[in-house]
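Under the numbering used here, think of the first position of the sequence shown as 1, with each following residue one higher.
Below is one structure, written out as structure tokens; the observations come after it.
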Amino acid sequence: MGESPLELLLASSRLPSPPAVALQVLNLVQEPGVSVTALASTIGNDPALSTKVLRMANSSFYAQSRKIATVGDAIVVLGLNSVRTLALGFSLVDNLRAHQGDGFDHDAFWRRSLIVATAARSIAAPTRPARKEEAFFGGLLLNLGVLAMASGIEDYGATFRMASGRYDVLSELEHARYDVTHQEVGAALVEAWNLPAQLAGCMLHYARPEDAAADVIELVRVVGIGDALAELCTGSAFDVALHAYRARVAWVGLSSDEADALVGEVAKSVQVMEALFGLQDGTAIPPSALLARANDGLGMLSLQATQDASRLVVENHELAVAASTDPLTGVANRRRFEEFTDDQYQIAMRYGGPFSVLFVDMDGLKRLNDTHGHAIGDRVLVAVATALHTGARAADLVARLGGDEFALALHSTTLNEAAVAAERIRAAVAEVRILTDVGESLGITVSIGVAQLDAGQHADAAALVSAADAAVYRAKQLGRNQVFVAEGAIAA
Numbered sequence: 001m002g003e004s005p006l007e008l009l010l011a012s013s014r015l016p017s018p019p020a021v022a023l024q025v026l027n028l029v030q031e032p033g034v035s036v037t038a039l040a041s042t043i044g045n046d047p048a049l050s051t052k053v054l055r056m057a058n059s060s061f062y063a064q065s066r067k068i069a070t071v072g073d074a075i076v077v078l079g080l081n082s083v084r085t086l087a088l089g090f091s092l093v094d095n096l097r098a099h100q101g102d103g104f105d106h107d108a109f110w111r112r113s114l115i116v117a118t119a120a121r122s123i124a125a126p127t128r129p130a131r132k133e134e135a136f137f138g139g140l141l142l143n144l145g146v147l148a149m150a151s152g153i154e155d156y157g158a159t160f161r162m163a164s165g166r167y168d169v170l171s172e173l174e175h176a177r178y179d180v181t182h183q184e185v186g187a188a189l190v191e192a193w194n195l196p197a198q199l200a201g202c203m204l205h206y207a208r209p210e211d212a213a214a215d216v217i218e219l220v221r222v223v224g225i226g227d228a229l230a231e232l233c234t235g236s237a238f239d240v241a242l243h244a245y246r247a248r249v250a251w252v253g254l255s256s257d258e259a260d261a262l263v264g265e266v267a268k269s270v271q272v273m274e275a276l277f278g279l280q281d282g283t284a285i286p287p288s289a290l291l292a293r294a295n296d297g298l299g300m301l302s303l304q305a306t307q308d309a310s311r312l313v314v315e316n317h318e319l320a321v322a323a324s325t326d327p328l329t330g331v332a333n334r335r336r337f338e339e340f341t342d343d344q345y346q347i348a349m350r351y352g353g354p355f356s357v358l359f360v361d362m363d364g365l366k367r368l369n370d371t372h373g374h375a376i377g378d379r380v381l382v383a384v385a386t387a388l389h390t391g392a393r394a395a396d397l398v399a400r401l402g403g404d405e406f407a408l409a410l411h412s413t414t415l416n417e418a419a420v421a422a423e424r425i426r427a428a429v430a431e432v433r434i435l436t437d438v439g440e441s442l443g444i445t446v447s448i449g450v451a452q453l454d455a456g457q458h459a460d461a462a463a464l465v466s467a468a469d470a471a472v473y474r475a476k477q478l479g480r481n482q483v484f485v486a487e488g489a490i491a492a
């Protein structure tokens, strides 16, 4: 049996290795009764590392009343665990940043990682102060696997960009293209590099802490909340990220006010951390500005120096969204759908994975408009779009092509799987009800055509969409409110 994709990646000569000083620190702190002198000496042998540790110890992040002059003083004042975390964090980050691949924005990656880390530490500090440094370290290296894949896989940068900053979508793309995810790669590196085992638990279970081992669930929860906040601040799906953040803060019982306050606290801490880690100044919207947008002007924008850059980014983002979104329903428009299906076609042709399209045509919308007016018709369109979006996965795309026509592009989906999804969506739409102003309950149905592109055939995305369109025509011929599946691959 051949080696798995994970084994091949871990064996790659392009993969970075942990620096010697990090391994020495790890070995030291695992020894019973390790002395302050021994740890201080090990860190002091690396002048650049010891300088960074002292800068961090004297920063506002730790808010010490007196200046810390030596690494030994830092260990005494901050504690062995804190200094160990700082040394490991700085040494690993410096080493990993030295392995920058083409087409991958390492500064943006580490800026997101610092948001995760500082948020996790802030949440852990009041209730579990002994674990706050573990929380910081867990957040800082949560996506270690992304860096490994960027170093070891030649075309990973293109995959990363396709996810548009959404790490949930990135995992699905990774699985489809490489048969391994960055969470799995990161957990394997934790074991291979002899890093603290709880890191692997954070990587594998941050979205579902209940699946983690009992002794690390609390740590995984705070890292998971940090990840949601980072997604809110840097991802492209703002509404989805805001919902996830609100849901995850409930894991530790934070109120809405406390969750909002956390954003402001993290925004200030990240500014300090970016300077300490040597990141370039970016024009990304600061976390406080993002949450202010989501919560209708809560007045949390305190970073005045970045206001102009923030406003420009917001305006550009809104223009980009408007250019790719149907204004009535909020789903993607035809232009975005065509771009997405072209991209998915290229993935399927290159890697051999399946790709399917559902063509959805509403039954009787014209008659409904004629009878009840276009205002009611618009409400029905929005309700159908909502049902389609609810039935789709994160990596799929729902689009309104115009009039009463919608389409779904189903990433890495076989014909049978697409047919099951189509039937589920058809049934869900049939349950939709709209009340008129006079209290009349109106329903709607849809006909759905299903087609799959076989990557072994030579066809383009337009041919696949045409096949799904032809299939929906057959569904209407057969009586409407039905699913019709096109047979066979789509040939050129």
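The beta-carbon is built from N, C-alpha and C at its ideal position, and this holds for glycine as well.
Counting only the Cα atoms, Ile347 lies some 9 Å from Phe355. In the DSSP annotation of this structure, the continuous segment of the alpha helix (DSSP H) that includes Ala470 starts and ends at 461–477. By alpha-carbon distance to Glu184, the top candidate from Ala163, Tyr206, Gly391 is Tyr206. Apart from sequence neighbours up to five positions away, the residues of its chain that approach Ala163 with a beta-carbon distance below 7 Å are Val169, Leu170, Leu173, ordered along the chain. Counted as a single uninterrupted DSSP element, the beta strand (DSSP E) harbouring Glu405 occupies residues 405–411. No residue range can be given for Phe61, since it is assigned to no beta strand (DSSP E) and is classified by DSSP as neither H nor E. The continuous beta strand (DSSP E) containing Gly449 extends over residues 445–453. A distance below 9 Å separates the beta carbons of Leu142 and Asp227. Within the same chain, and ignoring the five residues on either side of Ser60 in sequence, the residues whose Cβ sits closer than 6 Å to its Cβ are Val272.
Gly443 is the residue among Gly443, Gly157, Ala407 whose C-alpha sits nearest the C-alpha of Ile434. Taken atom to atom, the span from the alpha-carbon of Val83 to that of Arg131 is near 13 Å. DSSP lists Ala332 as the bridge partner or partners of Thr325. Between Thr414 and Gln344, the alpha-carbon positions lie close to 13 Å from each other. Beyond the five residues adjoining it in sequence on each side, Asp396 comes within less than 7 Å, by CB distance, of Leu408, Ala409, Leu410, His411 in the same chain, given in chain order. Not a single unbroken stretch of the beta strand (DSSP E) spanning 3 or more residues falls wholly within the segment 114–172. Short of 8 Å from the beta carbon of Thr325, and not among the five residues preceding or following it, lie these beta carbons of its own chain, in chain order: Val331, Ala332, Asn333, Arg336.
Of the candidates Thr127, Ala125, Met149, Pro196, the residue whose Cα lies closest to the Cα of Leu26 is Pro196.
For Val357, the secondary structure class from DSSP, reduced to helix, strand or coil, is strand.
Each of Ala117, Glu405, Arg208 was checked against the Cα of Ala244, and the nearest Cα belongs to Arg208. In the three-state scheme derived from DSSP, where H, G and I count as helix and E and B as strand, Asp260 is classed as helix. Shown here, Ala394 sits in coil according to DSSP, grouped into three states, outside any helix or strand. If the five residues before and after Phe359 are omitted, its C-beta is found closer than 6 Å to the C-beta atoms of Ala407, Gly449, Ala468, Asp469, Val472, all from its own chain and listed in chain order. The alpha-carbon separation between Trp193 and Glu423 amounts to approximately 47 Å.
Contact between the segment 259–276 and the segment 114–125 is present: 3 or more CB-CB pairs across the two stretches fall below 8 Å.
Counting C-beta atoms within 10 angstroms of its own C-beta, Gln477 has fewer than 16 neighbours from the protein chains shown and is therefore classed as exposed. Beta-carbon to beta-carbon, Asn95 and Pro18 are separated by about 7 Å, close enough to satisfy the 8 Å threshold.
Distance from the CA atom of Val382 to the CA atom of Leu328, rounded to whole angstroms, is 7 Å. Nearest neighbour of Glu154 by Cα position, chosen from Asp437, Ser466, Glu440, Leu9, turns out to be Leu9.
The C-beta distance from Gly44 to Val21 rounds to 10 Å, too long to meet the 8 Å contact threshold. Ranking Val266, Ala428, Thr445 by CA distance to the CA of Ala392 puts Ala428 first. Excluding residues up to 5 positions away in sequence, Ala176, Arg177, Ile347, Ser412, Ala455 lie with their Cβ nearer than 8 Å to the Cβ of Gly353 in the same chain. For the options Val240, Thr390, Ser4, Ala87, the alpha carbon positioned closest to that of Leu28 is the one of Ala87. About 15 Å separates the beta carbon of Gly224 from that of Ala213, a gap too long to meet the 8 Å contact definition. According to DSSP, Phe484 shares a beta bridge with Gly449. About 38 Å separates the beta carbons of Val190 and Thr341, which is beyond the 8 Å limit, so they are not a contact pair.
DSSP, reduced to helix, strand and coil, places Ser269 within a helical segment of the structure shown.
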